[in-house]
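**Student:**
Residue numbers (my numbering): 102 to 483.
1. Alpha carbon to alpha carbon, how far is residue 241 from residue 192?
2. May I ask you to verify whether the region 304 to 323 touches the region 458 to 474, counting CB pairs closer than 8 Å and requiring at least 3?
3. What do you get for residue 142, buried or exposed, if any count of 16 or more other CB atoms within 10 angstroms of its CB means buried?
4. Could you check whether the region 335 to 353 touches the region 290 to 301, counting it as contact only if at least three pairs of C-beta atoms, one from each stretch, sit closer than 8 Å?
5. Helix, strand or coil: which one does DSSP assign to residue 264?
6. Decide if the region 168 to 182 is in contact with the region 400 to 411; the criterion is three or more beta carbon pairs, one per stretch, under 8 Å apart.
7. Using only alpha-carbon positions, find the residue among 441, 368, 461, 362 that is nearest to residue 222.
8. Buried or exposed: where does residue 219 fall if 16 or more other Cβ atoms within 10 Å of its Cβ makes it buried?
9. How many Å lie between residue 120 and residue 365 at the Cα?
10. Flag this pair as touching only if the region 395 to 404 and the region 358 to 375 have three or more C-beta atom pairs under 8 Å; answer yes or no.
11. Give the DSSP-derived three-state secondary structure of residue 164 in the structure shown.
12. Could you check which residue in 105, 272, 433 has the C-alpha nearest to that of residue 422?
13. Mind the definition here: the region 234 to 252 touches the region 208 to 219 only if three or more C-beta pairs lie below 8 Å; say whether that holds.
14. Tell me whether the region 225 to 240 and the region 185 to 205 touch, counting them as touching only if at least three CB pairs, one residue from each stretch, are closer than 8 Å.
15. Can you give me the start and stop residues for the alpha helix (DSSP H) that residue 214 sits inside?
16. Using three-state DSSP, classify residue 290 as helix, strand or coil.
17. Would you kindly check if the distance between the Cβ of residue 280 and the Cβ of residue 288 is under 8 Å?
18. State the beta-bridge partners of residue 124 as determined by DSSP.
19. Do residue 378 and residue 413 have their C-beta atoms within less than 8 Å of each other?
20. Rounding to the nearest angstrom, what Cα-Cα distance links residue 350 and residue 382 in this structure?
21. Check whether the Cβ atoms of residue 156 and residue 108 lie closer than 8 Å to each other.
22. Out of 106, 428, 194, which has the shortest C-alpha to C-alpha gap to residue 436?
23. Whole alpha helix (DSSP H) runs in the region 339 to 366 with 4 or more residues, listed along the chain?
24. In terms of residues, what are the limits of the alpha helix (DSSP H) holding residue 226?
25. In this structure, how does DSSP classify residue 429 when only helix, strand and coil are distinguished?
Structure representation (C-alpha cells):
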C-alpha cells in the first residue's frame with residue numbers, strides 16, 4: 102500500500118449516486134472523452150446492466166482529497182472453461198472506452214493511480230477475485246503504459262490483449278465543405294450523385310435534434326429506421342441509448358440526425374458533441390433505400406454540420422474497424438486490455454494458460470491446426 106493513501110470501498114448504488122459532483126470534477130469537463138466517463142454515463146450503465154454485476158468501486162484519497170476512482174464490478178463468469186470471479190472495469194460493448202477516473206490533465210496522475218490501485222489490491226491475501234480485467238483502455242490516457250510498467254517492475258503476472266480500433270481525425274482546421282471535398286473520390290462521387298438523385302425525385306430534408314423538445318418522437322423515428330436497417334435488434338439493454346439520448350440532450354451534447362425524403366426517414370445517426378470533439382455512436386439506414394446511399398449522404402451532411410455549426414476540430418468513430426470508417430476519419434488508435442492474475446488456484450492456472458500454454462500452441466503450426474479442429478468440434482456440439 103502507498104503510505105498516506107486512504108482506500109475506500111463502495112458497494113451500494115446509493116453511495117455511488119452521492120458521488121456525482123466530486124466524480125465529474127475529478128475527470129474535468131474539458132477532457133475529450135468526458136461524456137463516456139462522467140457520472141451520469143455510469144449511472145445509466147448501472148441502471149441497464151447491473152444484473153449479475155456486483156458493484157466494487159474504490160476511491161483513493163490523500164490529505165483528505167480523492168484523487169482517483171476505480172469503477173469496478175465483480176462478476177462470476179466462465180473463462181477458459183473455468184468459473185471464475187472477475188473484477189472488471191464497468192462497461193460493455195456500448196462503452197467506447199473504459200477507464201479509471203482521475204485528473205487526466207494533471208502530470209503524473211496515471212502513475213499515481215496505478216500505484217494506488219495495484220499496491221492496495223495485491224498487498225493482502227484477497228481471494229474474492231481470480232482475475233482483474235481492465236478492458237478497452239484508451240492509450241492516450243497513459244494508464245495502459247503505466248500499468249504494464251508497474252506490473253512488470255513488481256513481478257505481478259499479467260497479459261495484454263487487443264480490444265478494438267478507434268478511427269478518428271483530429272486537428273481539423275477547415276470548413277465542412279473543404280473537409281468533405283478532401284474525402285476519397287469514390288466516396289465523394291457516390292454521395293454527391295445519390296444526393297442529386299434524391300433531390301430530383303422529391304423533397305430532401307436534413308434534420309438534427311439537439312434538445313429535449315419532441316425528443317421522444319424523434320427517438321421513435323430513430324428506432325423505426327433502426328428496425329428497417331441491417332442492424333440486429335439490441336437484445337441487451339435495448340433502451341440504453343434512449344436514456345443516453347435524454348441525458349445527452351439535457352447536457353447539450355445530443356446530435357440525433359435524420360435524412361428524410363418526402364417526410365420519410367431514410368437514415369438516422371446518433372452523435373454526441375462535447376467540447377471540440379464529435380463522437381459517432383450509431384449509424385443506420387433503411388435497407389429498402391440502399392441504392393441511394395442514404396447513410397453516406399447523411400454522414401456528409403453531419404460532418405459539415407459539426408465542423409461549421411458546432412466548431413469541432415475532431416471527429417471520432419469511437420470503436421470498430423469497419424472498412425468505411427477510415428475513408429471518413431483516416432487516423433487509428435488502439436483500445437487494449439490488461440488481465441492480472443491473482444494467487445488463487447484458478448488465477449495461477451489461468452496465468453499458466455494465457456501466458457504459457459496458449460503462446461506455445463500459437464507458435465506451432467501443427468498445434469494451431471489441431472486447436473482449430475478441436476474448437477470447431479466444440480462449437481458444432483453446442
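Each residue gets a CB set at the ideal place from its N, CA and C atoms; glycine is no exception.
Because the structure is a prediction, the values reported are computed rather than measured.
**Tutor:** A quick look at the data gives this:
1. For the purposes of this step, residue 241 is taken as residue 140 along the chain shown, with counting starting at 1. For the purposes of this step, residue 192 is taken as residue 91 along the chain shown, with counting starting at 1. Roughly 18 Å between the two C-alpha positions.
2. no
3. As a first step, residue 142 is located in the chain shown; it is residue number 41 there, counting from the start. Buried, because 16 or more other Cβ atoms sit within 10 Å of the Cβ of residue 142.
4. no
5. Working through the chain shown from its first residue, we reach residue 264 at position 163. Three-state result, residue 264: strand.
6. no
7. For the purposes of this step, residue 222 is identified with residue 121 of the chain shown, where counting begins at 1. That would be 441, whose Cα lies nearest to the Cα of residue 222.
8. Against the chain shown, residue 219 aligns to sequence position 118. It counts as buried.
9. Taking the first residue of the chain shown as 1, we reach residue 120 at position 19. Taking the first residue of the chain shown as 1, we reach residue 365 at position 264. Looking at the two C-alpha atoms, the distance is approximately 44 Å.
10. yes
11. The sequence position of residue 164 within the chain shown is 63, counting from 1. Residue 164 falls in the coil class under three-state DSSP.
12. Taking the chain shown and counting its residues from 1, the one referred to as residue 422 is at position 321. Closest option to residue 422, Cα to Cα, is 433.
13. yes
14. yes
15. Locating residue 214 in the chain shown gives position 113, counting from the first residue. Segment 210 to 222, the alpha helix (DSSP H) holding residue 214.
16. Translated into the one-based positions of the chain shown, residue 290 becomes position 189. DSSP places residue 290 in helix when its eight states are reduced to three.
17. Along the chain shown, one-based indexing puts residue 288 at 187. Along the chain shown, one-based indexing puts residue 280 at 179. Going by C-beta atoms, residue 288 is not nearer than 8 Å to residue 280.
18. Residue 124 sits at position 23 when you count from the first residue of the chain shown. DSSP lists no partner for residue 124.
19. What you label residue 378 is simply residue 277 of the chain shown in a count that begins at 1. What you label residue 413 is simply residue 312 of the chain shown in a count that begins at 1. Taking 8 Å as the Cβ cut-off, residue 378 and residue 413 qualify as a contacting pair.
20. By one-based count along the chain shown, residue 350 stands at place 249. By one-based count along the chain shown, residue 382 stands at place 281. Those two C-alpha atoms are separated by around 15 Å.
21. By 1-based counting over the chain shown, the position of residue 156 is 55. By 1-based counting over the chain shown, the position of residue 108 is 7. Against a cut-off of 8 Å, the Cβ pair of residue 108 and residue 156 comes out as no contact.
22. Within the chain shown, residue 436 is the residue found at index 335, counting from 1. Checked all of 106, 428, 194; the closest Cα to residue 436 is 194.
23. 341 to 352
24. Against the chain shown, residue 226 aligns to sequence position 125. Counting along the chain, residue 226 falls outside any alpha helix (DSSP H), and DSSP gives it neither H nor E.
25. Sequence index remark: in the chain shown, residue 429 carries index 328 (1-based). In the structure shown, residue 429 sits in a helix (DSSP, three-state: H, G or I).
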